[in-house]
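Protein chains in written order, with the numbering used here: chain H, 1 to 738; chain C, 739 to 962.
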Ligand code: SF4
């Protein structure tokens with residue numbers, strides 16, 4: 001009996017037979033198949049009780065109502081709130097992506113303190129106690145040394161109460177430098193004040209309009225309340241309401257309009273004034289309104305007759321005189337025509353000439369405060385808080401002028417962040433020693449990013465209250481993270497462009513996911529820490545108590561209903577709103593020449609043959625809120641390809657520069673240069689190039705950082721001579737092959 | 739050595755002769771050893787290796803609770819207002835009675851101290867959870883088809899202790915799905931809950947082959 005090779009072969013055969021007769025191979029095959037269905041990264045819906053929480057979206061000034069579906073404590077879907085009058089069940093792509101902002105990786109998880117050089121991204125987590133103590137000590141030292149005016153705040157917060165709280169902080173602490181980011185709404189507001197007197201939010205009864213003429217307003221690209229505008233457009237299509245889009249580029253709005261007028265950028269005011277000339281000279285205006293409710297018509301008539309006949313305007317605008325005349329007649333003869341402006345999404349206020357020319361057209365057809373017209377809305381107001389009693393130190397600080405130069409020109413609260421950074425950068429008047437940045441990302445959103453950075457580098461102490469590691473937070477000295485919009489309670493007054501007074505109270509939909517504190521709570525704690533008059537001015541327990549104090553009885557009902565709208569609101573009759581002051585065709589105290597003077601783009605035509613414009617799209621969030629990954633995913637590859645931003649250019653201009661589709665090129669403006677790729681598009685006027693707003697972040701996460709370029713860094717800042725608002729709409733540029 | 743002799747010698751060493759020597763028995767023995775060993779591996783060791791065990795976080799006594807509640811299983815495993823099934827109870831339900839220690843049991847005391855007082859959800863391990871790729875509606879089976887709990891879950895309600903939770907190391911699924919018998923043999927309806935078991939019952943009930951909502955049959959009834 002010998003054991004040899006055959007025995008082992010036999011053993012193997014036996015083993016094989018045995019295995020085949022056992023469940024092992026069959027079960028393993030089954031299990032492996034199942035295993036492949038269970039990759040750990042496969043998203044699996046959570047199990048639990050379903051619940052819906054209603055709230056208000058504050059990602060843009062749209063003011064939509066949202067219904068968030070939750071499974072247990074996890075929010076799983078955001079939908080439009082059916083009963084909300086602004087969006088009536090609809091929602092935009094950004095609103096849909098909100099959960100990625102809540103659960104995404106970009107969030108700042110708790111208070112952070114910078115450890116290495118600024119902007120190097122090295123942080124040390126600290127406790128809230130330490131964070132508040134350190135900021136309090138800093139603010140206290142500055143105040144004690146008699147320089148409270150050198151503390152500034154920059155806020156893009158949507159909460160009216162938080163806004164008021166920040167102003168109060170400035171009042172009690174002693175600094176005039178409380179800066180808010182203005183938008184197209186502020187420019188409209190100012191136009192009412194300049195032309196009609198008084199204060200009102202300008203809104204549009206688009207749902208009942210009979211004709212819509214838009215001077216570059218991206219009505220379907222995210223302007224005003226975007227979801228509402230999409231619904232309004234559906235209504236226009238149904239009932240045959242004509243939409244005319246005046247814009248140098250075939251935007252989504254232009255593509256969906258009935259008529260697209262391609263115009264030389266910056267000459268829109270000339271077109272509006274020439275239309276006004278035709279309407280007046282052909283007596284197509286609403287005589288009753290003009291006679292009983294307006295003034296200055298004669299002077300205005302002479303002004304446009306001399307300077308803005310269709311022939312003159314044709315040369316400026318590139319739109320031929322016959323088209324201008326036709327457009328003017330069509331506008332004036334339509335029922336309930338509305339003229340509207342505010343470039344793109346209207347996040348940058350723009351120059352006043354355009355707003356005033358637009359209002360002139362609306363007044364000529366008598367469509368102010370009429371159904372289907374432009375409304376001057378008075379929103380619900382907050383309840384008054386007890387007066388602040390500034391102490392001597394505060395009084396001394398408040399005696400200084402605001403660094404942004406906005407003061408007492410109009411009876412409006414105005415802020416000019418563009419001029420503020422210029423003043424800080426140039427060291428004008430006095431330095432800023434501490435800056436608190438709230439719900440905003442100035443290092444990214446303001447024009448001339450290099451100048452903003454220069455200004456910020458001069459500020460020794462920057463505190464960001466951002467929920468995200470955005471470009472400004474990354475450059476701060478401390479980050480005291482705010483909860484995101486789905487975790488906090490805040491009031492939202494009015495919805496951009498919506499004609500009825502609304503008030504909303506956003507609700508915490510889920511428990512805070514990170515170690516955050518509401519900036520309102522932090523302000524109250526800081527004030528308490530600073531003591532004396534500060535503590536007295538901020539006697540509330542927390543921000544919630546403060547909300548209750550400003551909303552009064554409405555606080556409790558709003559907690560349940562989420563919003564209130566006054567659907568029975570009627571705009572004041574023309575003779576009521578203009579009872580004391582009539583509509584003035586030329587704003588009182590301003591020369592017509594000055595009032596209607598367009599802003600020229602920066603740069604000389606010789607060195608820079610092209611004109612660069614920024615454009616807005618619904619697929620790119622371009623403000624404080626960075627683009628969530630889903631939104632970036634749906635960007636066309638004619639906008640962003642891999643990491644490259646595409647620049648839109650007419651094939652003719654591209655050919656002249658020796659460039660073709662997909663080529664790499666360098667774009668250069670007086671403010672900077674960047675690498676882009678060429679995208680040929682017949683829809684853009686020759687001589688113009690366009691880059692989307694919202695790309696080119698330096699901070700955030702792998703989903704956003706380093707993708708494309710930030711067009712704001714290529715465009716300089718131009719202040720409107722009347723309002724001081726940011727008015728740059730483009731800049732001269734040149735392209736060369738790279 | 740003559741050539742003849744040489745041939746004889748080599749014949750003596752030929753394999754044929756070895757067989758005759760009885761090494762064929764050895765080969766067969768090895769075959770049997772291989773067979774037996776692998777059968778043991780396949781039927782006994784493999785199942786032991788494939789499945790791991792966990793203890794439930796709290797040893798729950800179904801019998802005891804069943805005697806105290808009025809609605810049987812649905813007292814704790816209830817349908818929500820929207821028709822979805824709640825599954826294992828959450829702490830909120832337990833707290834209704836157990837905000838403080840009720841009885842003598844050490845396990846209850848531990849439960850109250852470790853979970854109720856600290857407000858921590860009990861991470862119950864669910865024996866009968868179907869894979870994620872399966873859409874299963876309790877409402878369709880219990881409310882519409884009027885099935886009882888025992889048909890699928892066995893006599894869990896009569897247990898005094900919770901048995902260990904066994905799960906497949908590869909797939910992570912509960913052993914109850916494949917069944918405790920490694921050969922997949924079953925004696926009761928609740929012994930196994932693979933797709934064939936669903937199909938078996940649905941085949942018998944010809945009128946209930948498809949989806950309750952659409953009355954259609956096909957993969958998408960269960961695999962959404
Ligand atoms: S339009 Fe604005 S407010 Fe409305 S859902 Fe979108 S982001 Fe939110």
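A virtual CB, placed ideally from N, CA and C, is assigned to each residue, including glycine.
Contact with chain C by residue i, beta-carbon distance below 8 Å
{"i": "residue 6 (chain H)", "result": "yes"}
{"i": "residue 410 (chain H)", "result": "Any answer about residue 410 (chain H) is weak, because its pLDDT of 47 lies below 50 and its placement is not dependable; what the coordinates show is given next. No, its Cβ sits nowhere closer than 8 Å to a Cβ of chain C."}
{"i": "residue 23 (chain H)", "result": "yes"}
{"i": "residue 18 (chain H)", "result": "yes"}
{"i": "residue 77 (chain H)", "result": "no"}
{"i": "residue 579 (chain H)", "result": "Bear in mind that the predicted position of residue 579 (chain H) carries a pLDDT of just 45, short of 50, making it too unreliable to give a figure here."}
{"i": "residue 35 (chain H)", "result": "yes"}
{"i": "residue 732 (chain H)", "result": "no"}
Integer Cβ distance of residue i from residue j, believed to fall under 8 Å
{"i": "residue 640 (chain H)", "j": "residue 707 (chain H)", "result": "6 Å"}
{"i": "residue 80 (chain H)", "j": "residue 89 (chain H)", "result": "5 Å"}
{"i": "residue 441 (chain H)", "j": "residue 470 (chain H)", "result": "5 Å"}
{"i": "residue 667 (chain H)", "j": "residue 601 (chain H)", "result": "So it is not a contact: roughly 15 Å between Cβ atoms."}
{"i": "residue 533 (chain H)", "j": "residue 389 (chain H)", "result": "6 Å"}
{"i": "residue 683 (chain H)", "j": "residue 250 (chain H)", "result": "3 Å"}
{"i": "residue 772 (chain C)", "j": "residue 13 (chain H)", "result": "7 Å"}
Same chain, Cβ closer than 6 Å to residue i, five either side skipped, listed in chain order
{"i": "residue 280 (chain H)", "result": "301"}
{"i": "residue 744 (chain H)", "result": "The question about residue 744 (chain H) has no answer, for chain H in this structure spans 1 to 738."}
{"i": "residue 681 (chain H)", "result": "648"}
{"i": "residue 635 (chain H)", "result": "619"}
{"i": "residue 286 (chain H)", "result": "365 and 366"}
{"i": "residue 51 (chain H)", "result": "70"}
{"i": "residue 208 (chain H)", "result": "371 and 372"}
{"i": "residue 616 (chain H)", "result": "218, 221, 222, 344, 345 and 693"}
Other residues of its chain near residue i: CB distance less than 7 Å, five sequence neighbours each side excluded
{"i": "residue 727 (chain H)", "result": "350, 351, 599, 718, 719 and 720"}
{"i": "residue 274 (chain H)", "result": "308, 309, 310, 313 and 324"}
{"i": "residue 105 (chain H)", "result": "701"}
{"i": "residue 353 (chain H)", "result": "269, 595, 596, 597 and 598"}
{"i": "residue 409 (chain H)", "result": "Here residue 409 (chain H) scores only 45 on pLDDT, less than 50, and its place in the model should not be relied on; the value that follows carries that caveat. Cβ within range, chain order: n/a, list empty."}
Where residue i meets chain H, residues with beta-carbon distance less than 7 Å
{"i": "residue 957 (chain C)", "result": "Ordered by position in chain H, no residue passes the 7 Å Cβ test against residue 957 (chain C), which lies about 14 Å from the chain."}
{"i": "residue 780 (chain C)", "result": "18, 19, 22, 23 and 24"}
Contact list for residue i against chain C, beta-carbon separation under 8 Å
{"i": "residue 31 (chain H)", "result": "788, 906, 908 and 909"}
{"i": "residue 15 (chain H)", "result": "772, 773, 775 and 776"}
7 Å Cβ cut-off: residues of chain C touching residue i
{"i": "residue 12 (chain H)", "result": "772"}
{"i": "residue 38 (chain H)", "result": "909 and 910"}
Sequence-distant residues of its chain with Cβ nearer than 8 Å to residue i (five each side left out)
{"i": "residue 25 (chain H)", "result": "19"}
{"i": "residue 758 (chain H)", "result": "Outside the shown range of chain H, which is 1 to 738, sits residue 758 (chain H), and nothing can be said about it."}
{"i": "residue 266 (chain H)", "result": "598, 599, 600, 601, 729 and 730"}
CB contact check: residue i to chain H, cutoff 8 Å
{"i": "residue 869 (chain C)", "result": "yes"}
{"i": "residue 1010 (chain C)", "result": "With chain C covering only 739 through 962, there is no way to say anything about residue 1010 (chain C)."}
{"i": "residue 874 (chain C)", "result": "no"}
{"i": "residue 917 (chain C)", "result": "no"}
{"i": "residue 798 (chain C)", "result": "no"}
Residue i at chain B interface by Cβ criterion, 8 Å
{"i": "residue 761 (chain C)", "result": "Protein chains in the displayed structure are H and C, and chain B is not among them."}
Beta-carbon neighbours of residue i, restricted to chain H and to distances below 9 Å
{"i": "residue 764 (chain C)", "result": "1, 2, 3, 4, 6, 7 and 10"}
{"i": "residue 818 (chain C)", "result": "49 and 50"}
{"i": "residue 825 (chain C)", "result": "47 and 48"}
Contacts of residue i in chain H (Cβ-Cβ under 8 Å)
{"i": "residue 921 (chain C)", "result": "23"}
{"i": "residue 784 (chain C)", "result": "22, 23, 24 and 27"}
Beta-carbon neighbours of residue i, restricted to chain C and to distances below 9 Å
{"i": "residue 418 (chain H)", "result": "Under the 9 Å cutoff, chain C gives no residues; its nearest Cβ is about 51 Å from residue 418 (chain H)."}
For the segment 360-379 of chain H, which residues have a beta carbon sitting closer than 9 Å to at least one beta carbon of chain C?
-> Flagged: no residues at all.
Determine which residues of the segment 183-208 of chain H have a Cβ less than 9 Å from any Cβ of chain C, and write them out in chain order.
-> none
What are the residues of the segment 44-69 of chain H that lie near chain C, defined by any Cβ-Cβ distance shorter than 9 Å?
-> Answer in chain order: 44, 45, 47, 48, 49 and 50.
Listed from N- to C-terminal order along the chain, which residues in the segment 844-863 of chain C have their beta-carbon within a distance smaller than 8 Å of any beta-carbon of chain H?
-> Those residues of the segment 844-863 of chain C that come within reach of chain H (Cβ to Cβ, closer than 8 Å) do not exist; the list is empty.
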